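Trainee: Just passing along the structure, written as structure tokens.
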Ligand SMILES: Cc1cc2nc3c(=O)[nH]c(=O)nc-3n(C[C@H](O)[C@H](O)[C@H](O)COP(=O)(O)OP(=O)(O)OC[C@H]3O[C@@H](n4cnc5c(N)ncnc54)[C@H](O)[C@@H]3O)c2cc1C
Ligand code: SF4
Ligand code: SF4
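Residue numbers (our numbering), protein chains in the order written: chain A, 1 to 387; chain B, 1 to 429.
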């Protein structure tokens, strides 16, 4: 199969591909560390792309698969000798591959599920708000809690904790209920841009109709998508995108951080380590707010070897969990081991997808400690301690 | 059954980590260099198979197969070298040592014992935890390997004080067709810098030093003679000369505000030195000498190793030959300087060939000034006889240990069409 892009796309990626110095600093890539073959490493992929762009290489189905063995975690970008915007490049290249060859089987299944049920999990759309506690008072506030697909269907405890935290601090918020649909992140990360654009347009129109001004997410993937992809794609589609996007950790720090720090009588005991979700850390630069909140609960924060900008991916992103479960669990296992080595009681993250995958990886690794929790659960814990 | 089918069957049976996939083989058949089209068509070839051995037993098996099937063996570390050393010029088995990356530090004896695939910076981090440090390492340390740098030879960080890697090896273990050998002292010259043409390195013992505070500072210099004089007066761990234009290029690609003048970046262990913020930033950036490639998108590099005494005359000739956009970095060892000229270029344009010609011209000027190319590798093997002082001895050693020329053929010792073409090109230049 020949995958040779043309026109603007070609120009855009050729410069980035040619500038690679082949220094191999990007050997730190988690997928490469597990698989050990350069077709999976950033350098190998760039070399492969160069061959293909010059018409000297042919990408067969094995190589297509290898190309998608990337969680789009962005670790490679932090060490790149020549500052190639690699996350962007991987996504552009994926788009090109998908446009000419179609998505990988599991990614196609995700798209089909979104097409029918507006979530990637194949769950019924009208069960999206099933997690919502009965009797909870929602308001027509211009601040929206966007729960996202994973917290709505797979990690409901995060959505629940979030609304309980809001209630505790008397924060009024809006929620779209069954009208909430996937943000499009999975589609974008797996190269299915055209479909993602439709979802994005639909979401933006809905947010406008509901008079939303601020969007609060608990999912790092939703946060990245709303704060980076939406503005860019809306510009291309000629749509207005004028919303404030906040991750729960930013919102809580702003609205109630002081309250948690000073207003609580009881504090939590024990040690916690924080896993920076790639989409919240490296992609969007939110590092301190979650850490401040953990410290505010009284927990002692201990860092893993890889943290902040140099954090190590959980292994789930970029469609890897869906298509290459084994690889994703091995990467997750490495992260779990790092957390274990800190001696922490809790491994705290700020993303339902990370939490889900880290829990799964921990089960597979057969390790007891640390307990994997979302930041919302930790905050709720300290609120509950205080009665 | 065809011979190659039998070979493939045997390889698959013996080794758990093997790839015969065409694109994977292609990916394992390059280094950092990008040659102009015509030369590339002669030099470039693709591995028959890539094997990732996990232990010395498997390395011996690779050599057994190499001999039995008369298939060349091309050792590969991280492929960060740029003289074609890892290119399977005549096809063959690319031996990727990345899975043999074990290392151990004896903190009492201050000795590192490492497998060939161990990466310098992984070692350095561990050594630092133990209060120790590598004495010398290449600036490619975040990825380059122990085996790769020893087999390539060269100077790097720390060389002003400790010399090149060849002066910092206690012992190496090598496997060739005759078996396993422990090598030290005088005999190291048959392996260090020989690019795996005389044997595959499977272990190295390297002395470490105590970890000390590094103080980076800048000495502004009027010209290269001034820089050489400054060096004579100071005891330094590392010394790098950065040309005015190199600084300018850094500012352009990094948005930095470095002073745009010739400077001597010095690193010493002298506790009394003042902290210098610009020097520290440059020192932290030492692993990124190719940042200026961004300007290209390609880059043509010429490296000449020259006695420090000959540096001023070579440098003034160099300045007259290089294009105005080129930058120069000079790494100093005890008595030599590695003059690295970097010419931003574009491999899609005609000037790329011209820039390569300039690179060859620079090597010629270097030789005229008692210098030599940093390495001869594959691309400059036609110069080995001229520039390697012990060439005859090395050649007869090679013939004895590898009579069929299966160990990384074409490297150091000229073979095939490429050296003839390169010789011609040199005459034209
Ligand atoms: C950013 C950057 C900075 C650099 N800085 C320096 C520097 O400061 N000093 C310097 O000297 N060089 C430098 N280089 C060049 C290169 O990095 C070094 O030569 C490096 O040490 C090579 O290591 P490697 O693991 O990449 O080896 P490779 O490039 O894989 O191999 C080098 C040679 O060794 C042979 N070889 C590899 N492993 C073995 C083995 N186990 N047994 C026998 N032969 C083997 C290969 O066949 C090849 O001929 C730099 C390169 C880059 C990209
Ligand atoms: S984004 Fe992450 S997984 Fe993908 S190539 Fe870079 S380091 Fe590897
Ligand atoms: S770190 Fe950057 S320049 Fe180096 S090989 Fe990887 S992508 Fe290329």
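Glycine included, C-beta positions come from ideal geometry on N, C-alpha and C.
Here the structure is a predicted model, which is why all the values come from computation and not from measurement.
1. Could you compute how far the alpha carbon of residue 58 of chain A sits from the alpha carbon of residue 88 of chain B?
2. Using the three-state DSSP reduction, which class does residue 378 of chain A fall into: helix, strand or coil?
3. Going by beta carbon distance, what residues of the same chain come within less than 6 Å of residue 181 of chain A, once the five residues before and after it are set aside?
4. Taking the alpha carbon of residue 347 of chain B as the reference point, which residue from A/14, A/121, A/194 has its own alpha carbon closest?
5. Mind listing which residues of the region 34-45 of chain A have their C-beta closer than 8 Å to chain B's C-betas, in chain order?
6. With a threshold of 6 Å (Cβ to nearest heavy atom), would residue 84 of chain A be considered close to ligand 3?
7. Against chain B, which members of the region 75-104 of chain A pass a CB distance test of less than 8 Å?
8. Any beta carbon of chain B sitting closer than 7 Å to that of residue 182 of chain A?
9. Taking a contact to mean a Cβ-Cβ separation below 7 Å, would you say residue 206 of chain B touches residue 175 of chain B in this structure?
10. Using the beta-carbon of each residue, which ones in chain B are nearer than 7 Å to residue 15 of chain A?
11. Got a sec? Which residues, its chain only, sit under 8 Å from residue 72 of chain A by beta carbon, not counting five neighbours each side?
12. Ligand 5 heavy atoms versus the CB of residue 420 of chain B: any closer than 6 Å?
13. Using a Cβ-Cβ cut-off of less than 7 Å, list which residues of the region 269-284 of chain A approach chain B; keep chain order.
14. In or out: residue 293 of chain A buried (at least 16 other Cβ within 10 Å) or exposed?
15. What in chain B is Cβ-close to residue 18 of chain A, meaning under 9 Å?
16. Determine the closest residue to residue 30 of chain A out of A/312, A/301, A/342, with distance taken between C-alpha atoms.
17. Exposed or buried, residue 1 of chain A, counting other C-beta atoms within 10 Å across all chains shown (16 or more means buried)?
18. Along the chain, where does the alpha helix (DSSP H) that runs through residue 247 of chain A open and close?
19. Keeping to the same chain, check which residues put their C-beta closer than 6 Å to that of residue 126 of chain A; ignore five residues upstream and five downstream.
20. Quick one: is residue 115 of chain B buried, meaning 16 or more other Cβ sit within 10 Å of its Cβ, or exposed?
21. Per DSSP, what are the beta-bridge partners of residue 206 of chain B in this structure?
22. Classify residue 213 of chain A as helix, strand or coil using the three-state DSSP reduction.
23. Could you confirm whether any beta carbon from chain B is found closer than 7 Å to the beta carbon of residue 1 of chain A?
24. Less than 8 Å between C-beta atoms, sequence neighbours within five positions excluded: which residues of the same chain meet that for residue 184 of chain B?
25. Out of B/429, B/427, B/418, point me to the one whose CA is closest to residue 83 of chain B's CA.
26. Could you check whether the Cβ of residue 43 of chain A sits closer than 6 Å to any heavy atom belonging to ligand 3?
27. For a contact meaning CB atoms closer than 8 Å, what does residue 195 of chain B contact in chain A?
28. What three-state label does DSSP hand residue 139 of chain B in the structure shown?
29. Do you know offhand how far residue 310 of chain B's Cα is from residue 369 of chain B's?
30. Counting only Cβ-Cβ distances shorter than 7 Å, please list the residues of the region 141-167 of chain B near chain A, keeping chain order.
31. Report yes or no: is there a C-beta of chain B within less than 7 Å of the C-beta of residue 63 of chain A?
32. With a threshold of 7 Å between beta carbons, is residue 24 of chain A in contact with chain B?
33. Please list, in chain order, the residues of the region 94-120 of chain B that have any C-beta partner in chain A closer than 9 Å.
34. Would you identify the three-state DSSP class for residue 101 of chain A, choosing helix, strand or coil?
35. Out of curiosity, what's the CA-to-CA distance linking residue 124 of chain A and residue 19 of chain A?
Mentor: In brief:
1. 21 Å
2. In this structure, residue 378 of chain A counts as helix in the three-state DSSP scheme.
3. 118
4. A/14
5. 36, 37, 38, 39, 44
6. yes
7. Listed in sequence order: 79, 81, 82, 83.
8. no
9. no
10. 297
11. 87, 90, 91, 189, 278, 317, 318
12. With respect to ligand 5, the structure shown offers nothing to examine, as its ligands consist of ligand 1, ligand 2 and ligand 3.
13. none
14. buried
15. Within 9 Å of the CB of residue 18 of chain A, the CB atoms of chain B belong to 34, 296, 297, 298, 346, 347, 348, in sequence order along the chain.
16. A/312
17. Low per-residue confidence applies at residue 1 of chain A: pLDDT is 42, beneath 50, and the placement is therefore not dependable enough to give any value.
18. Element bounds for residue 247 of chain A: not the alpha helix (DSSP H) but the beta strand (DSSP E), 244-247.
19. 178
20. That one is buried.
21. DSSP lists B/112 as partners of residue 206 of chain B.
22. coil
23. With a pLDDT of 42 at residue 1 of chain A, under the threshold of 50, the modelled position of this residue cannot be trusted; read the value that follows with caution. Taking Cβ atoms only, chain B never reaches closer than 7 Å to residue 1 of chain A, which makes this a no.
24. 169, 170, 171, 172
25. B/418
26. yes
27. Near residue 195 of chain B there are no residues of chain A at all, since even the closest Cβ is about 18 Å away, more than 8 Å.
28. coil
29. Taking the CA atoms as reference points, residue 310 of chain B sits about 6 Å from residue 369 of chain B.
30. Per Cβ criterion, the list reads 142, 143.
31. yes
32. yes
33. 96, 98, 99, 119
34. helix
35. 46 Å
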